[in-house]
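In UniProt numbering, the protein residues as written are 1 to 302.
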């Protein structure tokens, strides 16, 4: 049974990195520490199994294990979202069902990462999955990162046809997000991502919040809270402190997995290992990450 409603969803939500050990297996203790750091730094929600969690590298059993760990580690302190990855309606519905049994608060549907189809086909796919759950559903719309997506009118139509599709997880420039909010008349809560690029302007155009990998999550929470309290100058100054690292890491998903994860590891005191295939860090890249980690400092912990 979920504890939070759509009306409760706002602010900065952290989406977990998949943290592996030296044998390329999911590292239970590192995953727990990651969640604890995010909670200690005031996130307004947690999520897992999107692009940042490298869901395509995880088996279905591993994806379900990550769901279980996140629900256990958050212990109903904040809303929990699970991104649903799968190549078929049946696979996605299985994972939605597991999320339901765990009591997650909402699910985010990704388009299947096989083939390339018309918007109508993706709309039908999303609708069939959404109709199998009573949980609030978001659509992840990230055409620039995923190579497939819907336009603003498609999303508006999809939400009208399936009432429990109630949110959008975007990955786009502020001007695109503003267009979506305008087309949906502001009735559809929108969360952006992109590691926090344009964070204050996302809030200015009406985003409910952002869902971000955790390498700069403490700064992002401060930006949001300053902004919502009307302290826009302080919000901008804090944003500018995180911005060089954000620009560096957000140069593509593989780049984020390589360097964003290492920035988080440096700040968290967690050793980072990759699961092949993966982008491998260079000496120049690691030197930049070391510099960003020193500038940003270690994470506060309770």
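We put the CB at the ideal spot given by N, CA and C, even for glycine.
Spatial neighbours of residue i within its chain, please: CB distance less than 7 Å, with the 5 preceding and 5 following residues excluded, ordered by chain position.
i, result
"residue 303", "It is not possible to answer for residue 303, since the shown part of the chain is limited to 1 through 302."
"residue 132", "93 and 96"
"residue 238", "219, 222, 223 and 226"
"residue 154", "119 and 123"
For the beta strand (DSSP E) that residue i lies in, which residues bound it at each end?
i, result
"residue 81", "80 to 84"
"residue 212", "209 to 212"
"residue 107", "106 to 109"
Quick check: the Cα distance between residue i and residue j, rounded to an integer number of angstroms?
i, j, result
"residue 224", "residue 62", "32 Å"
"residue 270", "residue 20", "10 Å"
"residue 277", "residue 115", "21 Å"
"residue 88", "residue 139", "16 Å"
"residue 285", "residue 13", "27 Å"
"residue 247", "residue 65", "32 Å"
"residue 167", "residue 274", "32 Å"
"residue 280", "residue 27", "19 Å"
"residue 301", "residue 35", "11 Å"
"residue 160", "residue 112", "22 Å"
"residue 25", "residue 59", "11 Å"
"residue 242", "residue 198", "11 Å"
With a threshold of 6 Å, establish whether the CB of residue i neighbours any heavy atom of the ligand MG.
i, result
"residue 69", "Of ligands this structure carries none, so the ligand MG is not represented either."
Please list the terminal residues of the continuous alpha helix (DSSP H) segment that includes residue i.
i, result
"residue 271", "Residue 271 -> no alpha helix (DSSP H), and no H or E assigned at all."
"residue 167", "Residue 167 -> not in any alpha helix (DSSP H); beta strand (DSSP E) instead, spanning 165 to 170."
"residue 202", "199 to 204"
"residue 140", "Segment 137 to 141 is the beta strand (DSSP E) holding residue 140; no alpha helix (DSSP H) there."
"residue 11", "From DSSP, residue 11 is part of no alpha helix (DSSP H) but of the beta strand (DSSP E) over 11 to 15."
"residue 192", "Taken as a continuous stretch (DSSP letters only), residue 192 belongs to no alpha helix (DSSP H), being part of the beta strand (DSSP E) at 190 to 192."
"residue 177", "174 to 183"
"residue 234", "232 to 249"
"residue 252", "From DSSP, residue 252 is part of no alpha helix (DSSP H); its letter is neither H nor E."
"residue 101", "89 to 102"
"residue 125", "119 to 130"
"residue 219", "217 to 228"
"residue 283", "283 to 296"
"residue 152", "152 to 161"
Tell me which same chain residues have a C-beta within less than 6 Å of the C-beta of residue i, skipping the five on either side of it?
i, result
"residue 214", "14, 38 and 264"
"residue 31", "19 and 69"
"residue 11", "44, 209 and 224"
"residue 272", "261, 262 and 265"
Apart from the five residues on each side of it in sequence, which residues of its chain come closer than 8 Å, Cβ to Cβ, to residue i?
i, result
"residue 33", "268 and 270"
"residue 135", "2, 96, 99, 100, 104, 105, 106, 107 and 164"
Open item on the list: Could you check whether the segment 87 to 103 touches the segment 116 to 123, counting it as contact only if at least three pairs of C-beta atoms, one from each stretch, sit closer than 8 Å?
Closed with: no
- [ ] Taking 8 Å as the threshold, find out whether the segment 41 to 48 comes into contact with the segment 271 to 291 through three or more Cβ pairs.
- [x] no
- [ ] Please determine if the segment 98 to 106 and the segment 59 to 74 are in contact, where contact requires at least 3 C-beta pairs separated by less than 8 Å.
- [x] yes
Open item on the list: Please give me, in chain order, every unbroken run of the beta strand (DSSP E) with length at least 3 that falls completely inside the segment 40 to 70.
Closed with: 45 to 48
- [ ] Would you check if the segment 17 to 35 and the segment 252 to 271 touch, i.e. whether three or more CB-CB distances between them fall below 8 Å?
- [x] yes
TODO: Assess, as a yes-or-no matter, whether the segment 45 to 56 is touched by the segment 75 to 90 under the definition of 3 or more beta carbon pairs within less than 8 Å.
DONE: yes
TODO: Would you check if there are 3 or more beta carbon pairs closer than 8 Å linking the segment 161 to 181 to the segment 53 to 62?
DONE: no
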